[in-house]
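Colleague:
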Amino acid sequence: MGLTKLQMNSALQAITQDLGQTLGAKGSEFRGQVSALVAPERIVEATRALRDKHGFNMLAALSAVDYWPQREPRFHAVYEFKNIPQKLRLELRVPLNGDEPELDSIAGIFPNANWHERELWDMFGLHIKNHPDLRRILMPEEWAGHPLRKDYPLGYEEVQFTFNFEEIEQRKPRPKE
Amino acid sequence: MGVESKLGNLGIVTTSLEKLVNWGRTGAMWPMLFGLACCAIEMMGSQAPDYDMSRFGMELMRASPRQSDLMIVAGRLSRKMAPVLRRLYDQMPAPKWVISMGDCASCGGVYNNYAIVQGVDEIVPVDVYVAGCPPRPEALIHGVMTLHEKVKGEKIREWA
Amino acid sequence: MTLQQVEITTEELRHLVSNRAIEGETVLLNMGPQHPSTHGVLRLLLELDGETVVNCIPDIGYLHTGIEKNIEAKTYEKAEVMTDRLDYLNTMGNNLAYCLAVEKLVDLDVPERAQAIRVIFTELQRIASHLVWLGTHVLDLAAMSVFFYTFNQRERILDIMEMASGQRMMTTYFRPGGLWRDVPTGFEEAVRTFIDDLPRHLADYEGLLSKNPIFLDRTKKIGVMSGEQGIAWGITGPPLRASGVKYDLRKEEPYSGYEQYDFEIPVVTEGDVYARYWVRMQEMHQSLRIVRQALDKLPKGPFRSNNRKFVPPPRAELGTSMEAVIHHFKLWTEGFSAPKASVYVPVESPRGELGVLLEGDGGPKPYRCYWRTPSFVNLQILPLLSKGHFVADLVAIIGSIDIVLGDTDR
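Residue numbers (my numbering), protein chains in the order written: chain A, 1 to 177; chain B, 1001 to 1160; chain C, 2001 to 2410.
1. What is the rounded straight-line gap between the Cα of A/M1 and the Cα of C/P2254?
2. For C/L2063, I'd like the list of residues in its chain whose CB is within less than 8 Å of its CB, leaving aside the five on either flank, ordered along the chain.
3. Are A/E80 and C/G2355 closer than 9 Å when you measure CB to CB?
4. By the 8 Å beta-carbon criterion, what residues does the segment 2036–2058 of chain C contribute toward chain B?
5. Can you list, in chain order, the residues of its chain whose CB lies under 7 Å from that of B/K1152, leaving out five sequence neighbours each side?
6. Based on the DSSP secondary-structure assignment, which residues constitute the bridge partners of C/R2043?
7. Quick one, which of A/I109, A/F161, A/L37 has its alpha-carbon nearest C/G2234's?
8. Give the range of the alpha helix (DSSP H) segment to which C/R2113 is assigned.
9. Helix, strand or coil, according to DSSP, for C/V2183 in the structure here?
10. Which residues in the same chain as B/E1149 place their Cβ atom closer than 7 Å to its Cβ, once the five residues preceding and following it in sequence are excluded?
11. Listed from N- to C-terminal order along the chain, which residues in the segment 2222–2235 of chain C have their beta-carbon within a distance smaller than 7 Å of any beta-carbon of chain A?
12. Since C/P2374 meets chain B, which of its residues come closer than 9 Å, beta carbon to beta carbon?
13. Going by DSSP, what residues sit across from B/G941 in a beta bridge?
14. Name the chain A residues whose beta carbon is nearer than 9 Å to that of B/R1079?
15. Given 8 Å as the limit, is there contact between the segment 2164–2175 of chain C and the segment 2068–2085 of chain C, that is, 3 or more CB pairs closer than that?
16. What's the gap between the Cα of C/Y2367 and the Cα of C/V2268?
17. Cβ atoms of C/I2067 and C/W2371: under 9 Å apart, would you say?
18. If I follow the unbroken alpha helix (DSSP H) through B/C1104, where does it start and stop?
19. Three-state secondary structure (DSSP) at C/W2332?
20. Would B/D1121 pass as an interface residue toward chain A - the criterion being a Cβ-Cβ separation below 9 Å?
21. Using a Cβ-Cβ cutoff of less than 8 Å, which residues in the same chain neighbour C/L2179 once the five nearest sequence positions on both sides are dropped?
22. Since A/L148 contacts A/D66 with CB under 8 Å, what's their CB separation in whole angstroms?
23. Run through DSSP, which three-state label would C/S2287 get?
24. Just to confirm, is the Cβ distance from A/T47 to A/L92 under 9 Å?
25. Please classify C/T2075 as buried or exposed, where buried requires at least 16 neighbouring CB atoms within 10 angstroms.
26. Give the residues of chain A in contact with B/Y1051, contact being defined as C-beta atoms less than 7 Å apart.
27. Looking at C/P2364: is its Cβ nearer than 9 Å to the Cβ of C/F2336?
28. Give every residue of the same chain whose Cβ lies closer than 7 Å to the Cβ of C/E2051, excluding the five residues on either side of it in the sequence, and list them in chain order.
29. Would A/G125 pass as an interface residue toward chain C - the criterion being a Cβ-Cβ separation below 9 Å?
30. Let me make sure I understand the geometry here. Which of B/N1113, B/V1144, B/P1135, B/E1138 has the alpha-carbon closest to that of C/E2072?
31. Terminal residues of the continuous beta strand (DSSP E) containing A/L62?
32. In its own chain, which residues sit with a C-beta less than 8 Å from the C-beta of A/F56, not counting the 5 before and 5 after it?
33. Measure the beta-carbon distance from B/V1120 to B/S1100 and round it to whole angstroms, keeping in mind my assumption that it falls under 8 Å.
34. Against chain B, does C/H2064 count as a neighbour if the rule is that its beta carbon must be under 9 Å from one of theirs?
35. Do the segment 1063–1078 of chain B and the segment 1035–1043 of chain B meet, that is, are 3 or more Cβ pairs less than 8 Å apart?
36. Near C/Q2293, which residues of its chain fall below 7 Å by C-beta distance, leaving aside the five closest residues on each side in sequence?
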């Protein structure tokens, strides 16, 4: 139903070529899914071009991947766009360097990026510029650290079995009443 | 024995104060709605007609802690929610009991990480633990009946 | 637990509320995490002018479980256990999304019989999820008897799931490559009895609600959302279809054999609470159609792929074949490895588009597994929809968007 794999690929290849010429994006493909690498300074321009010129009218997902201990790039911010009338999907990846990188907000173009970008700040520590309301969203306000980074520990607690019952019982907090 | 055999057919029952009060407490123990996650759906399922909990007196689930005496912590407790749980427990008037329903509430369950409290008994004192992920409605009812047995065994000395 | 000394003063949150609240003209009310009508631990900060909602600020995160980080610490097969518990009303749908993502990443085939059974269970799960939605939604609108009726029917579906997998809710029945085990005898009969019986119950619910003047009063013209707003805010699923946009992933990007089945997508244009109710009721009828077709067509054959690099061999083979023992050993100790690439697989959950972004790094554990959950995205539009309505209407709107907090907070 919809476009066949070959047509979809050629339409997407044309779009990535256009992005490559105007914004220096590098396209790649894996199992039929097309992804384009865009520099962080050009992300707002790229998003606007995708929405206005190529008809990608929905931001499907926005997340990040941490490649610690590699530092250049340390993060990839992943944007998934969807073109509903023509049934196309495109992924944009933005490489970010360093430990406290900055990224421009696209909440002015796609309103639902608001909470996604708050989650990026909360979980990864990516500071989003020009965001209307950058606060923690999933962790409590007073939390220190950004949990989904690779250098943040899982928080694994030793399980209390019968052989180590007493020693863990001493350290475990129990309510007074 | 004794007095009852003489007075029995006059319609009088003798019992101790303990037994009377404990019978009253178990007869209509009102649970507070504290469904957090998946176990809450099984709790709703045990309230539903197939595994009716109102046979045990728990017809309604009160949303307000001031009007309930049993708190069934159903689901995983995250660190952001822990102070809220403690505050609600403190708002319940005595006598109050806590059932920790499910694996996540009893011991942290499948999740051993930064975000989940490893066992609700780090925050509130628990009377009965019900295991399962999620526990079947019958398991929850068994937990409630165990709690009733425990309450029936309470002594006057422990109330004051 | 690591906390830092942070002072959250009212100055920092001033941008969220209007000036009238600061002056004291409007009331700031906390609809706390523990509330009977918020369908989970959702906290809403309401700014009220009398009974009318001026602004509504959702505060989520009270059920954050760190599932994504936990998945990174387990192998591909073991991590599937975590996925059931995300959207706990659509457990098999979550399993399906994860298995499809793993199969796409490592290029694993799925036999026809497994695909058909997956479709049957996913659609039964969709009906079960919509039944819970209906029961709790109208419970908030004070129609209590429907709650009991729908949960009664849901028990029949849970019986079918228990028959196949041994567990009522968190089944982990779908595995990468197919299913955990084949369906038992008596499965087909049980499903047929159920789908022949359900339509008259659905007619009962519609008879109680669809023309009920109180229900119509409380749901017509409440929380109206237009199609353009929906697309701009990334809304998917029944709320978008109730606003006139005919978009269903089972038709647009079919997976697991959905292109073989003949079903319709219910669409209306009003976009209010009643429209979303009507769309979900029709979806239940369409799901019954799909289950009937899949059951009639159920092909015979293996229930899991034979690719021994990814699927452990059956125990009977271990006594006779050396390769089987080696594969069994490798898969159960280290697990299979995935290439250094990433895939994004969207499926249609009862709430909207559920997407999995799975990235492998050449090793046996997922490097990153991001869940694009529909409730997280759909909840963002709540402040927009509830402006100018009463608090009682706000309760109806929350119910109609159909959020599940496990889905929102992950």
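Ideal Cβ placement from N, Cα and C applies to all residues, glycine included.
Modeller: Taking the structure as given:
1. Only weak support exists for where A/M1 lies, its pLDDT of 40 falling under 50; the coordinates are left without a value.
2. G2040, V2041, L2405, G2406, T2408, D2409
3. yes
4. Here the close residues are P2036, G2040, V2041.
5. N1022, T1026
6. C/D2059
7. For C/G2234, the nearest C-alpha among the options comes from A/I109.
8. 2112–2140
9. coil
10. none
11. I2231, A2232, W2233, G2234
12. The premise fails here: C/P2374 is roughly 17 Å from chain B at the closest Cβ pair, so nothing lies under 9 Å.
13. Residue 941 of chain B falls outside the range modelled here, since chain B spans only 1001 to 1160, and no answer is possible.
14. When 9 Å is used as the limit between beta carbons, B/R1079 is near these residues of chain A: M139, P140, W143, in chain order.
15. yes
16. 41 Å
17. yes
18. DSSP places B/C1104 in the uninterrupted alpha helix (DSSP H) bounded by 1103–1107.
19. helix
20. yes
21. A2114, I2117, R2118, Y2173, F2303, R2304
22. 7 Å
23. helix
24. yes
25. buried
26. Neighbours of B/Y1051 on chain A: none; closest Cβ ~31 Å, over 7 Å.
27. yes
28. By the criterion of a C-beta distance shorter than 7 Å, C/E2051 is surrounded in its chain by F2390, V2391, once the five residues flanking it on both sides are discounted.
29. no
30. B/N1113
31. 58–66
32. L50, F81, K82, N83, L88, L90
33. 5 Å
34. Interface residue (Cβ-Cβ distance to chain B less than 9 Å): C/H2064 is classified as such.
35. For the pair of segments examined, the segment 1063–1078 of chain B was found to touch the segment 1035–1043 of chain B: the number of CB pairs separated by less than 8 Å reaches three.
36. Y2261, D2262
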